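One structure is given here, and the rest of the page talks about it.
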Amino acid sequence: MAIVFLSAMLQPLTGGVSQVRVVGRTIRTVINNLEERFPGIKERLLQDGDLRPDVAVAIDGETALDGLAEPVGEDSEVHFIPPISGG
Amino acid sequence: MAEATAAYKVIGTRPIRPDGADKVTGRAVYGGDMRLTGMLHGKVLRSPHAHARIKSINTAKAEALPGVKAVITVKDFPIAEDRMANLGEMAVNVKLLSNNVMAADKALYKGHPVAAVAATSAHIAEEALGLIEVEYEVLPPALHVLDAMKETAPLLHESMTTTELGQKTEKHSNIASHLRFVLGDPAQGFRDADIVIEREFETATVHQGYIEPHNATALWNEDGHLYIWTSTQGAFVVQRQAAEILGLPVSQVSVTPCEIGGGFGGKISVYLEPVAAVLSRKAGRPVKIIMSRIEEFEATGPTPASHIKVKMGAKKDGSIVAAEASLMYEAGAFPGSPVGAGCMCIFSPYAIPNMQVDGYDVVVNKPKTAAYRAPGATNAAFASETVVDELAEKLGLDPLEIRRINGAKEGDRRVDGPTFPRIGYMETVHAALEHEHYATPLNGPNRGRGVASGFWFNVGFQSSVVINVNADGTVALVEGSTDIGGTRASIAMQAAETLGIPYEDVRPTVVGTDGIGFTDVTGGSRTTFATGYAAHEASLDVLRQMKERLARRWDGEMEKEFEGQAEREMARITPDDVTYTNGVFKCAKDAGKTMTFKEIAAQMARMGGPITGRATSQPRGVGGAFATHIVDVEVDPDTGKVTILRYTAIQDVGRAIHPSYAEGQVQGGVVQGIGWALNEEFVYNDNGNMVNSSFLDYRMPTTLDLPMIDTVLVEVPNPGHPYGVRGVGEVPIVPPVAAVANAIYKATGKRMTQAPMSPGYVLSKLLE
Amino acid sequence: MPKVHVQTRINGEDIDFLCESRQSLLEVLRDDLGLTGTKEGCSNGNCGACSVLLDGVLVDSCLVLAVETAGKEVATIEGLASPSKLHPLQQKFLEHAALQCGICTPGFIMAAKALLVKNPTPTEHEVRYWLAGNLCRCTGYDKIVRAVLDAATVMEKA
Amino acid sequence: MQAFDYVAAQTVDEAVSLLAAKGAQARVLAGGTDLIVQLREGRRRLDLVVDVKKIPEVSTLSYDSNNGLQLGAAVPCYKIYGDATIARAYPGLMDAFTLVGGTQIQGRASVGGNLCNSSPAADTTPTLIAHRATCVIAGPTGRREIPVEQFCTGPGRNVLGNGEFLVALRFPAPPQNFGAHYLRFIPRNEMDIAVVGVGSSVVLGADRATVTAARISLGAVAPTPLLVDEAAEALIGKPISDQTIAQAAAAAQAAARPISDMRGTIEQRRHLTGVLTRRTLQGAIARARGERVNHA
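Protein chains in written order, with the numbering used here: chain A, 1 to 87; chain S, 1 to 768; chain E, 1 to 158; chain Z, 1 to 296.
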C-alpha cells in the first residue's frame, strides 16, 4: 500500500491526518480510495475528471507526468504539491 | 580550446556555436528585424493611471489621421472565458491573461493597454495614440504588498475571493491565495532550540532586463490563418496563449520563433502578439509592434517585490532544529506570483526536522509579475541565508561549517514533503571550503567576505527532436527550443556524442510550431537537459534504423547454400548482431562485414531510403540544482557604496556539456543577482507611477561595476539524464543577494534586511 | 512633412536616402536601408546596442538624427568582416563564448573596435571603462572582456 | 516622435535669425544626447531644430597658456580630454568631462549642451564654475559674456533670451599653484546621474601651505548649481588643515537645499555634499601642489 502524504493544504479535509496508507496501483485509484475516507478531497484535487492545473503529484520524489494514469508502486510515497515552472 | 573529458569525444569540449557567425555579423534575424510586404507599425495606448475604471474610449480622431489603418480596443477581442487553460509549462486563467493583454473595464496598473493603433509608420501610430480619448474614473491604488493585504485596501478585483489553504472562501480581498507547508512539529522544534533568530526582510520589484524589447509581427490572412513571428522563449506557448485569447483552434495559429535577445523568464507570457494579430485582421495587412524601453518597464512582467519573515532555531552543536517562514509576494495586477516556489525553496538547502512555511499571493496595482530565473527563490534565499549566517555567527561557527553540518543530502525531506534524489549540495559546500578564494586573507579596511547557498528545482517538461541523415554522412537536427544562450551547440553536441560523429557534422535548426512536435519553453533550466535528452533518443533511433538495414543487407548477402532451414536460422543476421563503435558498424557473426556511418548515409537510397530519427522527451529525473557562492566586498564608509572585489560561484551542474556556456549561465545569473543586491528596483510614486523606467535610472550592472566572475563547475552526474546533465541556468541567481548582504555585514557590522542594498540604504544603516 | 535627401557613406559605399528630420540614424539604418545588424535596445542612449562609428567616432545611432549624417562616414557591424573572414573581434567573441543571446553583440563589437583603434593594448580596466556604455544582461561581461583583450593581443601581433 | 524641421546653420548670425524667428518653438541641436531623448519621449515639442555643429566657432577649441581656453559650445567631450595639453592645464574639467555618460555619449555630448540643458544635476557645470568659466552668448542684439554661475536660473531654465544661443565657454589661464577637482556620487561607476556633484578649485600661496583663492560649487542639491562663497571663505587666507577643510565642507552642507527623489534623499544628499566637498578640496590642493590625482 502506498503512503499518501496529506499536506497542510489538505488537512482541513482530513481532520488533521497527515499520512495514510492507501491501496491503489494508479493515482486515479489512490484518489478514489482517499475520497472514501476523506469526502471532498477528490473535488480538491480534480477538475473535469483530471488533476487540477494547480496540483502536481510527486511519487517517490519525482513529478508524475501521466496524470491520473500514473502508476503507483507498493510502498511508494505520494505527495500532492503545487506545480513548478521556471524562468 | 577543445579539451574532451576522458569518457567523451564531444561532450566537455568548447566548440563554436552553429549560429555564431550570424550573430557576430549582425545577420541573425531577431523579432525586431522582421519585415513583410505591406507591413504596418503598431503602437499601444496605455493607462496613465495605476488604478482606474475605463468609462469610455473614443477612437474617431485617431482613425481619421492619414496613415492610420486600424484602431482597436477590448471590443475587438473575443470575450475570454473565466477558466484555467494548460499552456504546456504553465496553466493560466484565460480571462485574466486576456485582460492583461488589453484592459477590459478597469486599468489595473500604469501601462495597462487600453487601445492600439496600426499605421504606415511608427511615428504616425504614435501620433494617433495621442488622438484617442479615454475617460477614466481614477481609483486609489494598492501599491505595497502589506498595504494591499489590509482589510481597508482598495480591491483590484471586486469579484476575487481568497483561496485559503486550497479552499475557495467568500472573503473578498487582494490576497488571492494563502499556501502552507508543514513538516514535523515546528513548535516543539523551537522549544528544543538553544538559540532562535527571527528577522523580517523586504525586497523590491526587479526586472529581467533583457536588452531586446518585446516584439511581435502578425499576419491574419484572408483565409483565416494567423501567422506570428516573435522573440519568445517558446513558440508553442505563444501559439496556445494566442489561440486561447483570440478564440482560435491552435491549428489556425502558426508561430515562428525569431532569434531572441534574452528572456530570463520574461518572454513566456504574451503581451503584443494578440494585439498585433487583431490589428492585422482589422487592417488586412501584417503588423509589427516593438515595445519601447519605458513600456518594457511599465507593462511587462517583472519579478515580485516581497515581504518575508524568517525564524530559525538551532542547538549549540550547530544543528538547525526548527524553521518558520512567512512569504508575502506581490503578484502584480493579476494573481500568480511565484510564492509557491519561494515557499518550497526557502529552506531546501537544509535538512531541518521541523518546518512551517506560509505563502501569500497578493495582487497590487503594478504590472502582472512574470517568471525570472528561479522565480521566487532569490527573494526567499535572501531572507533565509541571511538568518543562517547570523545563526552561524551566534554559534561561533564558520558560515560554511553550519552548512556542512545541516546541508541537504539524498533522502532528506523538503518542506513540501518529497525527498531529494542524488544531489550535489554538499559537494558545492566542500568545494567552497577548499577553494583558494576562501583561504585567501581579506586585507584592508571596510572589507568583508560573505557566503550563501541556493536551491532550484529545475524542470523537465516536453521536447521534440528530429534528426535527418544527409547523404554525406552529416545530419540535420530539427528542434523546437529557441536558442537564447548556445543551446543549438549543447544539443548538437549530445547528438554528435551519441551518433559517434563530429560536432561539426550536426547542423541544428530551430523551427516553429508547424515544423516540429510540441516543445516547451527555453526556460526552467530545461533545454540542454530535456531537449538534449530528446536529441540523444533521436540519435539512438537513427542508429537503430541503420542497424536494421545493415542486418537486412548483410543477411541477404549470404551466398552460402544451407543444409536446411535450421542452419539458415542459425546463420541469420539480426540487428542484435550489429555493433556500432567509433563510427563503424560491425557484424558479430562475420568479422569481415563492416560499414561506416558515412557509407550507410551514402547508400541510404539503396538501403531502404531516407533515414530520419525522431524522439520526444518528457524526462522525470530533473535532479535539483544547488550553488554556493563566495563574495568579497568593500563598503565606502562615507557614502555607503558597495564595491564587489571578488566573486566565486560554485555549482553542481551534473555534467557540463559545453563548459563555456555552462560558465556563462552561472556568470550571467550571478551578475543579475548582484544587480538585484545593489541597485535594481522599481521606484513608484504615491500614484503608482514608476519614476525610473529607463536603463539610466533602473541601474543594471555595467562592465565597470564588476570584477571577473570565477566559476567552479562541480559535476555530480544526474542519474535522470543519459549524460548526467542538470539544468544550470537558474540557480546561479539565488545566492548572490544573500551573499552580498552577508559580506556587507562582515564589512560594516550592519545586517541588511532590504534589497536592493543601495548606497542610500547602506549609508542610512551606517549613520544609525 | 517633406523628406530630406541625404548623401552619406555607409561601410565604404556611397548611399543616398530620403528621410524625415525626426528619424534617427538607427531607424533609417534598420527600417529604410535594411541594415538590421545594428540593434535597438532602449532608444535613449543607455544601452549601446545601436553603437556605430560616425566619422570614426563611437556613437549611439539612436541619438543621431539621420539628417545629421549628410557628408559623413558611417560604419556598422555589417561592414566589419572581410569576405570569408571574420574580424578578429568577431572571431574572439565566438571562441570565448562572449555572446549568449547576441542582441548586444554588434554594439559591443563596434565599441571594442573603436577602443582598439584608439588604444591597441588596453588593460582590463580600460576595456571595462570604455565598454560601460554597452549593456549585456546574459554574460556578466566576464567573457566579453576576455574576448576583447584576446583580440587586442592577436591584432597587435598581426 | 513629433515632426519638426531641421536646419544646419553655417554661421552664428544664421543660427540667431533662425532661432529668433521661431522663438520657443526652436531649439539648438549640438550633441543631441538630451534634446533627441526629450523629443522622442514627448517631453519637448518643437517646430525647428537648429544644428550648430557646422559653425566653426561653435565646434572648435583653442588654448594658449596666456589667454586660456576657448571651448566651442558644441565641442564633444571626447575631443577635449583627447587633447593632452588641455587635460594637463585643466584637470578639474577632465574629471567631469570624462564621466559624462559612457563612451558613446562622450562622442556626441558637448559641455555647452550640458550647460544649456540646465539640469540641476549636470556633471560639468559645477566644475565650470570652479574654473571661473564665462559664457559667450550670441543674440539678435549682438554678443554678451556672463559668468557661468549666473547662467542657470532653474531646472531646465537659463538666461538665454529669444534668439540667443551659447557660442562658447571661456576659461582663464590657470594661475600658479592652481588646482581643481570634480567628484560626483553615483550608485554605479558609469552611466548614471549625479546624486551630488562637487567641483572645487584652489590657488595656493607660494608656500603652497595657505589658500589664497578658492571656489566650491555644488550640483544636484538645489534648483541650479550653486557657487558657495561661505565654503571658500572658510579656506581663503588660512593655512591648509583638516579643520579648515572640514569648515568648508560644513559651509557647503549648510548651503545645500536638496530635495528627496528617486536618486537620493535630502539627508543622503546633505551628507554626501560634505563628503565630496572634503574629497574634492583634498584633490584640488594635491593638484595645486603638483601631485597626481587620477580622474574619477
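Glycine included, C-beta positions come from ideal geometry on N, C-alpha and C. Note that the coordinates shown come from a computational prediction; the quantities given were computed from them, not determined experimentally.
Got a sec: is the Cβ-Cβ distance from residue i to anything in chain A below 7 Å?
i, result
"S/Y647", "no"
"S/G624", "no"
What does the alpha-carbon distance come out to for the pair residue i and residue j?
i, j, result
"S/G111", "S/E295", "7 Å"
"S/T779", "S/N468", "The structure shown does not extend to residue 779 of chain S, since chain S spans only 1 to 768, so no value can be given for it."
"S/I733", "S/V117", "38 Å"
"E/C42", "S/T169", "45 Å"
"S/A91", "S/P286", "29 Å"
"S/L391", "S/A218", "55 Å"
"S/P367", "S/E298", "7 Å"
"S/V415", "S/S348", "7 Å"
"S/T509", "Z/P91", "55 Å"
"Z/K54", "Z/A96", "25 Å"
"S/P113", "S/R373", "26 Å"
"Z/L169", "Z/A130", "13 Å"
"A/L13", "A/E35", "10 Å"
Tell me, please, which residues DSSP counts as bridged to residue i.
i, result
"S/P113", "S/R46"
"S/A52", "S/A107 and S/V138"
"S/T711", "S/A649"
"Z/Q10", "Looking at the DSSP assignment, Z/Q10 forms no beta bridge with any residue, so it has no partner."
"S/T509", "S/V478"
"S/W229", "S/T217 and S/T256"
"S/D818", "Coverage of chain S is limited to positions 1 through 768, which leaves residue 818 of chain S absent and any answer about it impossible."
Taking 7 Å as the threshold (beta carbon to beta carbon), is residue i in contact with chain E?
i, result
"S/F695", "yes"
"S/A2", "In this prediction, S/A2 has a pLDDT of 35, which is less than 50 and means its spatial position is unreliable; nothing more can be read from the coordinates."
"S/T232", "no"
Can you tell me where the alpha helix (DSSP H) with residue i in it begins and where it stops?
i, result
"Z/Q229", "First, the residue type needs correcting, since residue 229 of chain Z is Asp and not Gln in the sequence shown. D229 to E233 is the extent of the alpha helix (DSSP H) around Z/D229."
"Z/C300", "Outside the shown range of chain Z, which is 1 to 296, sits residue 300 of chain Z, and nothing can be said about it."
"S/H658", "Careful: S/H658 lies outside any alpha helix (DSSP H) and carries neither H nor E."
Looking at the unbroken beta strand (DSSP E) that takes in residue i, where does it start and where does it end?
i, result
"A/I31", "Here A/I31 belongs to no beta strand (DSSP E); instead the alpha helix (DSSP H) covers I27 to R37."
"S/V310", "S306 to A314"
"S/C587", "V584 to C587"
"S/Y684", "S/Y684 -> no beta strand (DSSP E), and no H or E assigned at all."
"S/V475", "V475 to E479"
"S/S764", "Counting along the chain, S/S764 falls outside any beta strand (DSSP E), though it belongs to the alpha helix (DSSP H) covering P759 to L766."
Taking only beta-carbon positions, decide if residue i is within less than 7 Å of chain S.
i, result
"Z/M94", "no"
"E/Q90", "yes"
"A/S118", "Residue 118 of chain A lies beyond the residue range present for chain A, which begins at 1 and ends at 87; the question has no answer from this structure."
"Z/R188", "yes"
"A/I31", "no"
For residue i, collect the residues of the same chain with a Cβ closer than 8 Å to its Cβ; drop the 5 residues on either side in sequence, then sort them by chain order.
i, result
"E/N201", "Here chain E comprises residues numbered 1 to 158, so residue 201 of chain E is not present and cannot be evaluated."
"S/R507", "P18, T474, V475, A476, L477 and A492"
"Z/V228", "I216, S217, L218, A251, A252 and A255"
"S/A2", "Any answer about S/A2 is weak, because its pLDDT of 35 lies below 50 and its placement is not dependable; what the coordinates show is given next. The residues are T13, R14 and P15."
Got a sec? Which residues, its chain only, sit under 6 Å from residue i by beta carbon, not counting five neighbours each side?
i, result
"Z/D51", "A8 and L29"
"A/L51", "G67"
"S/G32", "N215 and I290"
"Z/E190", "G102"
Please confirm if residue i has its CB atom under 7 Å from at least one CB of chain Z.
i, result
"E/D16", "no"
"E/V67", "yes"
"E/A97", "no"
Excluding sequence positions up to five away, which residues of its chain have a Cβ less than 7 Å from the Cβ of residue i?
i, result
"Z/F185", "A194, V195, V196, L272 and L276"
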